[in-house]
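K.L.:
Chains L and H are the protein sequences, given in the same order.
In case it helps, my numbering puts the first sequence at residues 2 to 338.
In case it helps, my numbering puts the second sequence at residues 2 to 338.
The beta carbon of each residue, even a glycine, is placed where N, CA and C say it ideally should be.
A quick note: this is a predicted structure, and the numbers were derived from the prediction, not measured.
Structure in structure tokens, see below.
Number of protein chains: 2
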Amino acid sequence: MLEKTTLAAISERTGYSVSTVSRVLSGKAEKYRISQSAVERVTREARRCGYRPNLVAQSLRTRQSQTVGLVVPGIDNPFFATLSSIVIAQLDARGYHTLLADSRESEEEERQALEMFQDRGVDGILAVPVASSPEFHEEVGQNVPLVLIDRYFEKTSLSYVCTDNYAGAYMAARYLVDKGYRRILAIQGVPASMPNRERVRGFLDAIKDRGVESRVVGDAFSVENGSREALAAFAGNPKAYDAVFAFSATILLGTISALRRLGLTEGKDIGVISYDNNGFLDFMNPPVSRVEQPLREAGEIAVDTLFSLMEAHLSGLPRPAPVQQLVMPTLVIRESC
Amino acid sequence: MLEKTTLAAISERTGYSVSTVSRVLSGKAEKYRISQSAVERVTREARRCGYRPNLVAQSLRTRQSQTVGLVVPGIDNPFFATLSSIVIAQLDARGYHTLLADSRESEEEERQALEMFQDRGVDGILAVPVASSPEFHEEVGQNVPLVLIDRYFEKTSLSYVCTDNYAGAYMAARYLVDKGYRRILAIQGVPASMPNRERVRGFLDAIKDRGVESRVVGDAFSVENGSREALAAFAGNPKAYDAVFAFSATILLGTISALRRLGLTEGKDIGVISYDNNGFLDFMNPPVSRVEQPLREAGEIAVDTLFSLMEAHLSGLPRPAPVQQLVMPTLVIRESC
DNA sequence: CAGTTTTGCGCAAACGATTGCGCTGTGTAT
DNA sequence: ATACACAGCGCAATCGTTTGCGCAAAACTG
């Protein structure tokens, strides 16, 4: 390590005041009409000793951190991992860093994360909300730009970017019905979450009045839930249902393992369709039909939205009208149904 | 929002000095012998106006941020997603927050991330390194506690916690050989990365002098690489190899899709084994044999190690001897070979 | 040459917290 | 009465930046 490399140090070594050094090194030289010679002297010294601004001090003074907080319900879930990856890349491209928190589907942890984000002075927040009601998020949204992703609240003034889960589930269910399946089991994720509720609604609407027997079971976006609920629902009778709709790729994995235990092969003995577009769905045997969500698009729109909120916030403008957008998923048919 | 909630504000409203308020609210009341009445008056007011300390100011003053930086080569890779999840949970449990950066396998981005971490005054860094040589990491490690995970450098004074990739690959290859496979194709990941090099070494050592024909191809831990390289290596001849060893689960997916195109079924026409323990491997048809890495264990050890480094760093002690640990993977045999 | 403009730069306050040191006032021992 | 201990608290410096304001010297104007 070299000498301490602060503005003060450079100031001492160049003979210029801290102010001048600061202005030069933050590129405000001509705005403040610093002489060519000063600029040179200072930049040279800065380079020589490898000056790097202390971002903490900078944040304190400017009330900007070049950081956004991202909170997701489970980074180990490939869905959120992909989403995070997209979002982080976007932020990075704009010169922003990411504080990542994992709420583990817990309202309490989510709350703590949001609070921590504020205490750290993040410039904006992206959240996949877990809470059942929007109050807290709205309160936070008052203070710092906030955009919801993937999940949203019924009636809220917050911005959100989600996929149309109603439409996705509707398409999938309608496809099954049209294919002639008549006893359909749906295995859902976290029941209270908005995407899940919408999927249930889409599913039920699609089969309504179509002479289809149906049932919705389950309570988590996890492999275990898929397996457990499938086994319980079939109750040992392989003919109990002729199709299964798994509400996520993780659920699907569990479901398939259960079906195999029952001696059923997807696409042959039973129709199977899933939500999500995890890479492996095409590599299962047989490949699995699914509702693909335009994650990249959603992530990009969310970041765009956040930045426009942040810009307004910076300029002290009133909060712009919320952007509330649903992007459309697509149905991808393979050989499992 | 209520009034501004700073120490100064509370100081004014209670009549006590900022120092006293600070000491009360940071729990140093009896250390500094603050009167019971003052404590009460201050805490009451703090609660009333919902005081939350400004962590940025706190960081600036104390030179501690309660934050560690985590940099991985690709958070969308399930392997790193799982690892991150484990690490983040651990840190969270200890009251630390996580700045996450994605180097996307780029040395340059990794460098930037590490630099940013320092500029932000993180208390420690966990890195899955991408660089081919340790210099930069070692330099960083001089200034802030740093522990490598999953990948390490040949000769370094840095601490690391990795899995024994040599042993893992050796076990897998030896198993294939013992099972009678004689023409084995290995599809590797990023060739320069330490885990990959070790896997290659383990693989080659295991088949040496066993009368086995072999070839190592590929250059990335990706689905495409797996598919492309498998197709190229078989060159249309399904009998070209009788077994394939995929060096990661992502590679495996690509490989399987290629094998299917060649009309081959794993476990029947060809032996297949993979690295990694992604959830889906058990749900493929047939389930895939693999080398499972004790990720949770590795993550926990890494965090433990980091904290002991951090503790020493705090107390101004000399850097403790590096902890350099390999944890042992396990061979899980299913029906693919 | 006096007056005005421009150029180039520094002073000092601020951001919000932490902390070493010292000050005052009361109680106790001598 | 003098000394001393200690309880209870505040002063002010500090962390490293940023920035409004103003000042002096140089340059220009008429």
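If I measure Cβ to Cβ from F81(H) and keep anything under 7 Å in the same chain, skipping five residues before and after, which residues do I get?
P.N.:
Within the same chain, F81(H) has close Cβ partners V73, P74, G75 and V129.
K.L.:
Taking the alpha-carbon positions, what's the Y161(L) to R200(H) distance?
P.N.:
Each residue's alpha carbon lies about 45 Å from the other.
K.L.:
Going by DSSP, what residue range makes up the alpha helix (DSSP H) through L159(H)?
P.N.:
Note, L159(H): premise wrong, no alpha helix (DSSP H); not H, not E.
K.L.:
So R211(H) is in the alpha helix (DSSP H); what residue range does that whole segment cover?
P.N.:
Unbroken run through R211(H): none, as it is neither H nor E.
K.L.:
Can you tell me whether A174(H) is buried or exposed? The criterion is at least 16 other CB atoms within 10 Å of its CB, across all chains shown.
P.N.:
Label assigned to A174(H): buried.
K.L.:
Under the three-state reduction of DSSP, which class applies to Y171(L): helix, strand or coil?
P.N.:
Three-state DSSP puts Y171(L) in a helix.
K.L.:
Looking at the structure shown, is P321(L) part of a helix, part of a strand, or coil, going by DSSP?
P.N.:
Three-state result, P321(L): coil.
K.L.:
Nearest by alpha-carbon distance to D270(H): which of N278(H), E298(H), L205(H) and R261(H) is it?
P.N.:
When each option's Cα is compared against that of D270(H), the closest is R261(H).
K.L.:
Sort V245(L), P239(L) and A193(L) by Cα distance to A221(L) and report the nearest one.
P.N.:
Of the candidates V245(L), P239(L) and A193(L), the one whose C-alpha sits nearest the C-alpha of A221(L) is A193(L).
K.L.:
Compare the beta carbon distance of V69(H) and L115(H) with 9 Å and say whether it is the shorter of the two.
P.N.:
Against a cut-off of 9 Å, the Cβ pair of L115(H) and V69(H) comes out as no contact.
K.L.:
Return no unless some Cβ of chain L is closer than 9 Å to the Cβ of Q189(H).
P.N.:
No, Q189(H) lies away from the interface with chain L (no Cβ there is under 9 Å from its Cβ).
K.L.:
Are there 16 or more other CB atoms within 10 angstroms of the CB of S85(L), so buried, or fewer, so exposed?
P.N.:
With 16 or more other Cβ atoms within 10 Å, it is buried.
K.L.:
Let me know if R62(L) comes out buried or exposed under the rule of 16 or more other beta-carbons within 10 Å of its beta-carbon.
P.N.:
Result: exposed.
K.L.:
In chain order, what residues of the same chain have a beta carbon less than 8 Å from the beta carbon of V40(H), not counting five sequence neighbours either side?
P.N.:
Counting only Cβ-Cβ distances below 8 Å, and skipping sequence neighbours, we find V25 and A30.
K.L.:
Taking C-alpha atoms, which residue in E110(H), P54(H), L92(H) and V324(H) lies nearest to D124(H)?
P.N.:
Of the candidates E110(H), P54(H), L92(H) and V324(H), the one whose C-alpha sits nearest the C-alpha of D124(H) is L92(H).
K.L.:
Rounding to the nearest angstrom, what Cα-Cα distance links A206(H) and I185(H) in this structure?
P.N.:
Contrary to the premise, residue 206(H) reads as Asp rather than Ala in this sequence. Near 13 Å, if we compare the C-alpha coordinates of I185(H) and D206(H).
K.L.:
Quick one: is F284(H) near chain L, going by C-beta distance under 9 Å?
P.N.:
Yes - at least one Cβ of chain L is within 9 Å of the one on F284(H).
K.L.:
Would you mind stating whether G203(H) and N238(H) have Cβ atoms separated by less than 9 Å?
P.N.:
Contact: no.
K.L.:
Just verifying my parser: in three-state terms, what is the DSSP assignment at Y17(L)?
P.N.:
Y17(L) falls in the coil class under three-state DSSP.
K.L.:
Could you spell out where the alpha helix (DSSP H) holding G70(L) opens and where it closes?
P.N.:
It is not in any alpha helix (DSSP H) - G70(L) instead sits in the beta strand (DSSP E) that spans T68 to V73.
K.L.:
If you measure from the beta carbon of M117(L) to each beta carbon in chain H, is any gap under 9 Å?
P.N.:
Taking Cβ atoms only, chain H reaches closer than 9 Å to M117(L), which makes this a yes.
K.L.:
So which of V292(L), I188(L) and A250(L) has the shortest CA-CA distance to F351(H)?
P.N.:
Residue 351(H) is absent from the structure shown; chain H starts at 2 and stops at 338.
K.L.:
Any C-beta of chain H sitting closer than 9 Å to the C-beta of E110(L)?
P.N.:
By this cut-off, E110(L) is an interface position.
K.L.:
Under DSSP, the beta strand (DSSP E) around S275(H) begins and ends at which residues?
P.N.:
Segment G272 to Y276, the beta strand (DSSP E) holding S275(H).
K.L.:
Count the CB pairs spanning the stretch 147-162 of chain L and the stretch 318-336 of chain L that are closer than 8 Å, and state whether there are at least three.
P.N.:
With the cut-off at 8 Å, the stretch 147-162 of chain L and the stretch 318-336 of chain L touch.
K.L.:
Suppose you measure from the CA of E312(H) to the CA of G255(H); what does that come to, to the nearest Å?
P.N.:
Near 44 Å, if we compare the C-alpha coordinates of G255(H) and E312(H).
K.L.:
G212(H) touches chain L at which residues, Cβ-Cβ below 9 Å?
P.N.:
Those do not exist, as G212(H) stays about 32 Å from chain L at its closest Cβ, beyond 9 Å.
K.L.:
Name the chain L residues that come within less than 8 Å of P295(H), Cβ to Cβ?
P.N.:
Correct list: empty, because the minimum Cβ distance to chain L is about 16 Å.
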